[in-house]
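Mapping of the sequence shown onto the working numbering: position 248 corresponds to residue 378, and the numbering continues sequentially without gaps. All residues carry an ideal CB built from backbone N, CA and C; glycine is no exception. Remember, predicted model here, so these are calculated numbers, not experimental data. Have a look at the structure below, then the notes.
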Amino acid sequence: GLPPSPAEVTAFVANAQPHAYEELLEKLLASSHYGERWGRHWLDIVRFAESAGFEHDEDRPHAFHYRDFVVKALNADMPFDQFAQWQVAGDELAPANPLALMATGFLGAGVLPTQLTEREFERARYDELDDMVSTLGTSMLGLTVGCARCHDHKFDPIPSADYYRLVATFTTAIRSNVQVRMDAKRPPATVMVVSEGVKPIKHHAEGRGFPHFYPQAHFLARGDPLQKQGVAPMGFLQVLVSGSQPAERWSVKRPADAKSSFRRAGLSKWLTDVEHGAGQLLARVIVNRLWKHHFGRGLVATTNDFGVQGERPSHPELLDALALDLIRRGWRLKELHRLMMSSSVYRQSAVDDWQDRQRDPQNRWLWHFQPRRLEAEAIRDCILAVSGQLDRTPFGPGTLDQASRRRSIYFTIKRSKLIPMLQIFDAPEPLASTGERPATTIAPQALLFMNDPRIRSYALGFAQRLVENGDDPLNLIVSRAYSIALGRKATDAEGAAAQEFLTAQTKSYQEDSRTDATLLSVADFCQILLSLNEFIYVD
Numbered sequence: 131g132l133p134p135s136p137a138e139v140t141a142f143v144a145n146a147q148p149h150a151y152e153e154l155l156e157k158l159l160a161s162s163h164y165g166e167r168w169g170r171h172w173l174d175i176v177r178f179a180e181s182a183g184f185e186h187d188e189d190r191p192h193a194f195h196y197r198d199f200v201v202k203a204l205n206a207d208m209p210f211d212q213f214a215q216w217q218v219a220g221d222e223l224a225p226a227n228p229l230a231l232m233a234t235g236f237l238g239a240g241v242l243p244t245q246l247t248e249r250e251f252e253r254a255r256y257d258e259l260d261d262m263v264s265t266l267g268t269s270m271l272g273l274t275v276g277c278a279r280c281h282d283h284k285f286d287p288i289p290s291a292d293y294y295r296l297v298a299t300f301t302t303a304i305r306s307n308v309q310v311r312m313d314a315k316r317p318p319a320t321v322m323v324v325s326e327g328v329k330p331i332k333h334h335a336e337g338r339g340f341p342h343f344y345p346q347a348h349f350l351a352r353g354d355p356l357q358k359q360g361v362a363p364m365g366f367l368q369v370l371v372s373g374s375q376p377a378e379r380w381s382v383k384r385p386a387d388a389k390s391s392f393r394r395a396g397l398s399k400w401l402t403d404v405e406h407g408a409g410q411l412l413a414r415v416i417v418n419r420l421w422k423h424h425f426g427r428g429l430v431a432t433t434n435d436f437g438v439q440g441e442r443p444s445h446p447e448l449l450d451a452l453a454l455d456l457i458r459r460g461w462r463l464k465e466l467h468r469l470m471m472s473s474s475v476y477r478q479s480a481v482d483d484w485q486d487r488q489r490d491p492q493n494r495w496l497w498h499f500q501p502r503r504l505e506a507e508a509i510r511d512c513i514l515a516v517s518g519q520l521d522r523t524p525f526g527p528g529t530l531d532q533a534s535r536r537r538s539i540y541f542t543i544k545r546s547k548l549i550p551m552l553q554i555f556d557a558p559e560p561l562a563s564t565g566e567r568p569a570t571t572i573a574p575q576a577l578l579f580m581n582d583p584r585i586r587s588y589a590l591g592f593a594q595r596l597v598e599n600g601d602d603p604l605n606l607i608v609s610r611a612y613s614i615a616l617g618r619k620a621t622d623a624e625g626a627a628a629q630e631f632l633t634a635q636t637k638s639y640q641e642d643s644r645t646d647a648t649l650l651s652v653a654d655f656c657q658i659l660l661s662l663n664e665f666i667y668v669d
C-alpha cells in the first residue's frame, strides 16, 4: 500500500540474481506495513467501525483494539483457522491472551441503536444477534445466512431453523469494556470485547429494568419476536455438516469456574473443521479473497456470496487446489501470497491485445495483468509517502482529524462522520460486510486533487524534498520527481515539457514578487504528478 523508494527501485533493477523477485516478496511480506494493507481489506469485510450508528451514533472509544488485533495477527502470519476462531470465541479459547480478547471485537463491530423504547428492546436484541450471525456467514463462509431470518432461504439450502440455531450460539454474548494487561511492563488497557458473564456497556435505559440480553433465543415466525415458536438450541448449518454428525461433536466442555457458556468455542471448532464441518468452505472463501486483491477479480467473482445467486467459479479446480494447499501449509496466508505472486499468471504484462480482448473482454481467463486503481486509503497513504510527511506510527487510538499524517487505517471510523477524501474514492460505509469496493471515476476525484488544501500542502512537502539543496538544475529536479512519484525515469518529451512548465511558472511567480517562486513552481509540478492516473493505478 506504499510506493517503493527510488533506492529500492534502483536496487531491485540492479539485482541480477535469479531469485531477486522472490527476495523482494520476502521483504514485502516481512514489512510491518503488510498487516496494515491487508488488515484494511478484512475490516471492510467485517463492517468494522468505532461507533454504534443510527442517529445518536455513540462512540466506542475502546473498539480500536480489534483493528490492532487484525494488523498484529496478519503481520505475525497467525494461522487463518486460529484467526477465525479467536474472532468468534477468543475469550473462551485463550482467556489469558490479550490478542484473543481483542479479537472478539469482530462480533461487536456492527450497528446498535442506543435510544430505544420498551417495545423495541427485544427486537433490537434479535437485530444485534442477526448482525453477528449474518456477518459471520458472509465474511467467513461466503453465505447469505441472514436471508433465513424470516423464512427458509429462497435459493441456498439454509432453513430458517438452522439460522436460529446459530443465533442461539450468541444468546448471552454482549459487548463489554474490560481491563486487559497487554504486557507485564504496562498498566492494563480498556478493551471492548464481546463475552459472557461480564458487565455490559451501559445503555440509556440502565436501571429501568430493560435487559441487555435475553437468557434464551427462540425460533421466530417471520423474524418477529412477538411470534415465538419454541426455544432454539445451539446448532450448525446442516449443509456444512458431513453425514449425520451430531452437534455434540464440536461441543467444548465448559470449565467449572467459567462465566461463559462455551457455545461459541464449539462454533469455532465446527467453523474450522475440514473433515466434517465448514473448514473447507472457510478455506475456499479466504483463498478467493486473496486472489481477488492480487488479480482484480475473484475466482468466484461474488466474494461474499458462494451461494446459488453468486457467480460460478471461473476455475473451480484451481480454487479447490489452493484451498487444500492453504490447509496443508497450516493455514498460513503468507504462504498463499508467495504462491500467487510467484506465479507466471501474476507476473504477466498489462499490455493489451485487441484479438484477446475480443475473445475475453473481462479478462476472465487471465490472459494479461489487469490494471486497477488503488483503494482510497492507499491513495492517501501514497501521497503522504511521496510528500515525505507520512507518520508510520502503528496501533493505538485513531483520530477524526483529517490533517493527521498517520496511515489511513488509523482514522477513527465513526459511522456518522466518515472521512470525505476516502469516501470520494469509494471507501465503504461500515453498515454491512463489503467484499468488493467499486472503483468509480467521478469529477469530485479530479477536483479534490486540483483544489483540496491538504493536497496542496502535500504537494508543497513533495516540492521541499526536491529543492532541499537549493541550487539543483531543473532537469535533476524533474528526474527526482518522476523517480519518487512514479518509480521511473521521465521520457525525453516529459522532461522537456516539465522543464518548460517550471521555467514559465517560476517567471510568473517572480513577476508577482514572490520570494519563493522556485518552490511554488515545483509544488505546481508536483501537484500535477500526484493528479496523474499513473500515480493511483497499478499497471
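{"Query": "Between which two residues does the alpha helix (DSSP H) containing H163 stretch?", "Result": "H163 to I175"}
{"Query": "Based on the DSSP secondary-structure assignment, which residues constitute the bridge partners of L660?", "Result": "DSSP lists no partner for L660."}
{"Query": "Which two residues bound the contiguous alpha helix (DSSP H) that contains K96?", "Result": "Residue 96 lies beyond the residue range present for the chain, which begins at 131 and ends at 669; the question has no answer from this structure."}
{"Query": "Going by DSSP in three states, I549 sits in which element: helix, strand or coil?", "Result": "coil"}
{"Query": "Our contact map puts A298 next to M232 with C-beta atoms below 8 Å; I'd like the distance itself, whole angstroms only.", "Result": "Incorrect: roughly 25 Å between the Cβ atoms, too far for contact."}
{"Query": "Counting beta carbon pairs with one atom in the region 552-563 and one in the region 473-486, are three or more of them shorter than 8 Å?", "Result": "no"}
{"Query": "What three-state label does DSSP hand D521 in the structure shown?", "Result": "strand"}
{"Query": "Can you check which of these residues, P355, L577, I509 and P317, is closest to R255 by C-alpha distance?", "Result": "P355"}
{"Query": "On a Cα-Cα basis, can you pick out the residue from A319, F300 and T301 that is closest to V308?", "Result": "A319"}
{"Query": "Under 7 Å Cβ to Cβ from A593, same chain only, skipping five residues before and after it: list those, please.", "Result": "L649, V652, A653 and C656"}
{"Query": "Identify the continuous beta strand (DSSP E) that holds I543 and give its terminal residues.", "Result": "Element bounds for I543: n/a, residue is neither H nor E."}
{"Query": "Pair every Cβ in the region 363-381 with every Cβ in the region 234-247, then say whether three or more of these pairs are closer than 8 Å.", "Result": "no"}
{"Query": "May I have the straight-line CA-CA distance separating Q500 from A160, to the nearest angstrom?", "Result": "25 Å"}
{"Query": "Does the structure place the region 469-482 close enough to the region 631-641 that three or more beta carbon pairs sit under 8 Å?", "Result": "no"}
{"Query": "Would you call A137 buried or exposed, if buried means 16 or more other Cβ atoms sit within 10 Å of its Cβ?", "Result": "exposed"}
{"Query": "Indicate the three-state DSSP secondary structure (helix, strand or coil) for M312 in the structure shown.", "Result": "coil"}
{"Query": "Leaving out five residues before and five after V323 in sequence, what residues of the same chain have Cβ atoms less than 7 Å from its Cβ?", "Result": "D221, L231, T234, G235, S306 and V308"}
{"Query": "In terms of alpha-carbon separation, which member of G526, D642 and I658 lies closest to P191?", "Result": "G526"}
{"Query": "So, are the CB atoms of W400 and P209 less than 7 Å apart?", "Result": "no"}
{"Query": "Are the region 545-553 and the region 173-188 in contact at 8 Å, needing three or more beta carbon pairs?", "Result": "yes"}
{"Query": "Compute the Euclidean distance between the alpha carbons of N663 and R644, then round it to the nearest angstrom.", "Result": "31 Å"}
{"Query": "Pick from A193, R414, Q357 and H195: whose alpha carbon is nearest that of T268?", "Result": "R414"}
{"Query": "Between the alpha carbons of G617 and G272, how many angstroms are there, rounded?", "Result": "38 Å"}
{"Query": "The beta strand (DSSP E) spanning F392 covers which residue range?", "Result": "Counting along the chain, F392 falls outside any beta strand (DSSP E), and DSSP gives it neither H nor E."}
{"Query": "In angstroms, rounded to a whole number, what distance separates the CA positions of D602 and L596?", "Result": "9 Å"}
{"Query": "Which residue from Q478, P574, R170 and L659 puts its Cα closest to that of I607?", "Result": "L659"}
{"Query": "Within 10 angstroms of its Cβ, does I666 collect 16 or more other Cβ (buried), or is it exposed?", "Result": "buried"}
{"Query": "Curious, which full-length alpha helix (DSSP H) runs of at least 4 residues does the region 198-270 contain?", "Result": "210-223, 228-233 and 251-266"}
{"Query": "Among the candidates A395, Y164, H186 and V218, whose CA atom is the shortest distance from the CA of K202?", "Result": "Y164"}
{"Query": "Looking at the secondary structure, which residues open and close the beta strand (DSSP E) in which V323 lies?", "Result": "A319 to S325"}
{"Query": "What separation, rounded to the nearest whole angstrom, lies between the Cα atoms of F436 and Q375?", "Result": "23 Å"}
{"Query": "F555: which of L530, R502 and G591 sits nearest, CA to CA?", "Result": "R502"}
{"Query": "Considering K358, what are the terminal residues of the beta strand (DSSP E) in which it resides?", "Result": "K358 to V361"}
{"Query": "Reducing DSSP to helix, strand and coil, say where H424 ends up.", "Result": "helix"}
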